[in-house]
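S.K.:
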Amino acid sequence: MKDEKTLLEEFQSKIDKGIKIEPKDWMPEKYRKQLIRMMSQHAHSEIVGMLPEGNWITRAPSLRRKAILLAKVQDEAGHGMYLYSATETLGIDRSELLEQLHTGKAKYSSIFNYPTLTWADIGAIGWLVDGAAIMNQTALAKGSYGPYSRAMVRICKEESFHNRQGYEIMCSLAFGSEEQKQMAQDALNRWWWPAIMMLGPSDDSSPNSDELMRWKVKMESNDAIRERFIDRTVPQADYIGLTIPDPDLMFNKETGHYKHGPINWEEFFNVIKGNGPCNKIRLKARVDADRNGRWVREATEAYAAKKRIVNS
Amino acid sequence: MEKDTQGTLWEVFVQANPGIPHKHVGSLHASDEEMALQNARDVYTRRKEGISIWVVEAKNIKASSPEDIGSFFEPANDKVYRHPTFYKVPDGVKHL
Ligand SMILES: [Fe+2]
Ligand SMILES: [Fe+2]
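Top line first, the protein sequences correspond to chains A and B.
For what it's worth, the numbering used here labels the leading residue of the first sequence as 1, then goes sequentially.
For what it's worth, the numbering used here labels the leading residue of the second sequence as 1, then goes sequentially.
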C-alpha cells in the first residue's frame, strides 16, 4: 500500500497532466468534500432556479414563448439531475443531498431568491443569469473531476439556447412600445447587480483558494469571470439601447476591460444568510414538492415490487 | 416515519447513431426498468442525442479497480508480437 504522500503526488501529477480524476481513483478527503459541497450546491441551484421562471409559464405572452420557456425550465431540471448523479459518484446518497437542501444546511445560488415581477424578468434571467452561469460553467468544464467536468460540457451545450431566448425577449421589448422598453429597463435595473454578485465574493475577500486552483476544482477567480461577463454583456445592452444601472461603469482603454462600480456585498451576504426577498418561499416550494411527491415515489416502488412478484 | 425512497441507481448508455457502440452518459434514479428508460430519455436525449438507450442497475456492474491497474493489464505489456508493426516485411513485397 502506498503512503499518503506518494498518493498525493500521483494525484497532483495526474491533474497537472490534464488527466481527469474518476470516482474510484484515490483522492484527498478535502478534494472529495469540497467537490460534494460545490457540486450539490450547483445541483440545488438548477432545481431551485426553475421556480422564478416557472412562475411565468402559464402567463407567457404567446404559445411560442410558452413552449420555449417550458423547454428551458425542463433543461434546468435535467441539469439538476446530471449534477445530482455526478455528486453521488463521490459516495454521497441522493436523499442526503436533498435533506441538506430542505433543512437549509446546503446553499443554492443567491440569484434565485429574487422575485420575477414582470415578463421582462424572464428575458433578463435568460440574458443575464444564464449568461453569467455560462461564464462560470465553461470554466468548470475544464475542472479535474471527470463526472463533474462531463456534466458541465453537456450543460454548456444547452445553456446557449437559454441565453439567446432571454436576449430575444429583451430585444422584442426594447424595440417595442415605450412601455415595453421601460419594462425591459426596469428588469435590467433589478437583475444587473444580483447577476454580478452571483459570480461570488471578490477575490480579496474570498479565503485562499490556492489549493482548489492547484487541484483544478476552481479554475478561475470570481473577479476574472465577472470581468469577462461584464465585457460581453455591456455591448449587448448598448445594442438594444438599455442602460446598465452602474453610473461608475467605465471602459478602460489600457486594459481593454470594463471596470464596474462598488458592489453591495452586504446585500449578497444577507441573501445568502436567508434574508433575501424570496428565500422562504423558495425553500418552502422545494420542501412541499418533496413532501407532496413522496406518495408517488412510494407508489412506484410498490408497483415495481408487485411486478417482480408477478414475473417471478 | 420510514426512510424516504429515491428508487435505485441506474447507469445509462446511449447509442447516438446506427452502427456505433452505446456509450455511458451518466446515471439516474428510478423504481423499475421502464421508469429508468423513460427517465433516461427525458434526462439524456432531449435533443435527439440517441436512437437507442440501455439502462443497467448500477449494482449489477462490476468494475476493475484503479489500484490494480498495473497487474490487471500486465499480461498485455510484453506481447508486442500482437501488433503488425512487429513483423519485418521484405522490401518489394506488397499487400501484406
Ligand atoms: Fe442550468
Ligand atoms: Fe440555463
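Even glycine gets a Cβ: it sits at the ideal position worked out from N, Cα and C.
As the structure is a prediction and not an experimental result, all values here were calculated from the model.
By the criterion of Cβ-Cβ separation under 8 Å, what are the contact partners of Y82(A) in chain B?
M.R.: Near Y82(A) (Cβ distances below 8 Å), the residues of chain B are G26, V43.
S.K.: Quick one, which of R32(A), I155(A), Q165(A) has its alpha-carbon nearest L318(A)'s?
M.R.: Shown here, chain A extends from 1 to 312; a query on residue 318(A) therefore has no answer.
S.K.: Candidates Q165(A), N189(A), E29(A), G18(A): which alpha carbon is nearest V73(A)'s?
M.R.: It is Q165(A) whose Cα lies nearest to the Cα of V73(A).
S.K.: Check the C-beta distance from P194(A) over to Y258(A) and give it rounded, since I have them as a contact under 8 Å.
M.R.: P194(A) to Y258(A), Cβ: 18 Å. No contact.
S.K.: Please classify Q38(B): is it buried, with 16 or more other beta-carbons within 10 angstroms of its beta-carbon, or exposed?
M.R.: By the 10 Å Cβ count, Q38(B) comes out exposed.
S.K.: Nearest to M50(A) by alpha carbon, out of I230(A), N311(A), E9(A), Y108(A)?
M.R.: Checking every option, the nearest Cα to that of M50(A) belongs to Y108(A).
S.K.: Are the C-beta of H29(B) and some C-beta of chain A separated by less than 9 Å?
M.R.: Closer than 9 Å to some Cβ of chain A, the Cβ of H29(B) qualifies, so yes.
S.K.: Return helix, strand or coil for H24(B), following the three-state DSSP convention.
M.R.: Strand, per DSSP.
S.K.: Using CA coordinates, which residue listed in I61(B), D32(B), R47(B), W54(B) is at the minimum distance from Q15(B)?
M.R.: It is W54(B) whose Cα lies nearest to the Cα of Q15(B).
S.K.: At a threshold of 8 Å, does K72(A) count as lining ligand 4 (C-beta to nearest heavy atom)?
M.R.: This structure lacks ligand 4; its bound ligands are ligand 1 and ligand 2.
S.K.: Measuring only from the beta carbon, is G49(A) closer than 8 Å to any heavy atom that is part of ligand 1?
M.R.: Yes.
S.K.: Determine the DSSP secondary structure at M198(A), reduced to helix, strand or coil.
M.R.: The answer is coil: DSSP assigns M198(A) none of H, G, I, E or B.
S.K.: Is the beta carbon of L199(A) less than 9 Å from the beta carbon of I244(A)?
M.R.: No.
S.K.: Taking DSSP's pairing of strands, which residues face W54(B) in a bridge?
M.R.: Partner(s): F13(B).
S.K.: Does E67(B) come within less than 9 Å of chain A when only Cβ atoms are used?
M.R.: Answer yes: the Cβ-Cβ gap between E67(B) and chain A drops below 9 Å somewhere.
S.K.: Which residues in the same chain as R94(A) place their Cβ atom closer than 7 Å to its Cβ, once the five residues preceding and following it in sequence are excluded?
M.R.: Excluding positions up to five away in sequence, the list reads Y84, E88.
S.K.: Going along the chain, which residues of its own chain have a beta-carbon closer than 6 Å to the beta-carbon of D246(A), five neighbours each way excluded?
M.R.: Closer than 6 Å at the Cβ level, and outside the excluded window around D246(A), lie H260, G261.
S.K.: Looking at the secondary structure, which residues open and close the alpha helix (DSSP H) in which H79(A) lies?
M.R.: From DSSP, the alpha helix (DSSP H) with H79(A) extends over 63-88.
S.K.: Less than 8 Å between the CB of E159(A) and some heavy atom of ligand 2, yes or no?
M.R.: Answer for E159(A): yes, Cβ within range of ligand 2.
S.K.: Please go through the same chain and pick out, in chain order, the residues whose beta-carbon is closer than 8 Å to the beta-carbon of G54(A), but skip the five residues on each side of it.
M.R.: Hits under 8 Å: V73.
S.K.: I'd like the span of the alpha helix (DSSP H) that includes H257(A), first residue to last.
M.R.: Counting along the chain, H257(A) falls outside any alpha helix (DSSP H), though it belongs to the beta strand (DSSP E) covering 257-259.
S.K.: Does ligand 2 have even one heavy atom less than 8 Å from the beta-carbon of D130(A)?
M.R.: D130(A): yes, Cβ under 8 Å from ligand 2.
S.K.: Would you say A133(A) lies against chain B (beta-carbon separation less than 9 Å)?
M.R.: For A133(A), the answer is no, since every Cβ of chain B falls outside 9 Å of its Cβ.
S.K.: For M1(B) and L173(A), I'd like the C-alpha separation in whole angstroms.
M.R.: Summary for M1(B): the model assigns pLDDT 46, below 50, so the residue's position carries little reliability; its value from the coordinates is reported in the next sentence. Each residue's Cα considered, the two are about 51 Å apart.
S.K.: Compute every distance between the C-beta of E168(A) and the non-hydrogen atoms of ligand 2, then say whether any falls below 8 Å.
M.R.: Every heavy atom of ligand 2 is 8 Å or more from the Cβ of E168(A), so no.
S.K.: Is G78(A) close to chain B, meaning its C-beta is less than 9 Å from at least one C-beta of that chain?
M.R.: Yes - at least one Cβ of chain B is within 9 Å of the one on G78(A).
S.K.: On a CA-only basis, which of L212(A), L117(A), S177(A), I169(A) is nearest L35(A)? Give me that one, please.
M.R.: Here the closest residue by C-alpha is L212(A).
S.K.: Determine the chain B residues that contact A174(A) at a beta-carbon separation under 8 Å, and present them in chain order.
M.R.: Within chain B, no residue comes near A174(A); the closest Cβ sits about 29 Å away, beyond 8 Å.
S.K.: If you measure from the beta carbon of G7(B) to each beta carbon in chain A, is any gap under 9 Å?
M.R.: It does; some Cβ of chain A falls within 9 Å.
S.K.: Considering just the uninterrupted stretch of the alpha helix (DSSP H) at M27(A), what are its terminal residues?
M.R.: Here M27(A) belongs to no alpha helix (DSSP H), and DSSP marks it neither H nor E.
S.K.: Cβ of E22(A) within 8 Å of any heavy atom in ligand 1?
M.R.: Because no heavy atom of ligand 1 lies under 8 Å away, the Cβ of E22(A) does not count as near it: no.
S.K.: Where DSSP assigns a beta bridge to T8(B), which residues make up the other side?
M.R.: T8(B) pairs with A30(B).
S.K.: Measure from the alpha carbon of A151(A) to the alpha carbon of each residue in P21(B), V25(B), D4(B), P84(B), then state which is nearest.
M.R.: Cα-wise, what sits closest to A151(A) is V25(B).
S.K.: Check each candidate in G70(B), A30(B), T45(B) and name the one with the smallest Cα separation from A305(A).
M.R.: Closest option to A305(A), Cα to Cα, is A30(B).
S.K.: When we look at the beta-carbon of A120(A) and count the other beta-carbons within 10 Å, is it buried (16 or more) or exposed?
M.R.: Label assigned to A120(A): buried.
S.K.: So with CB distances below 7 Å, who are the chain B contacts of A304(A)?
M.R.: Chain B residues near A304(A): S31, D32.
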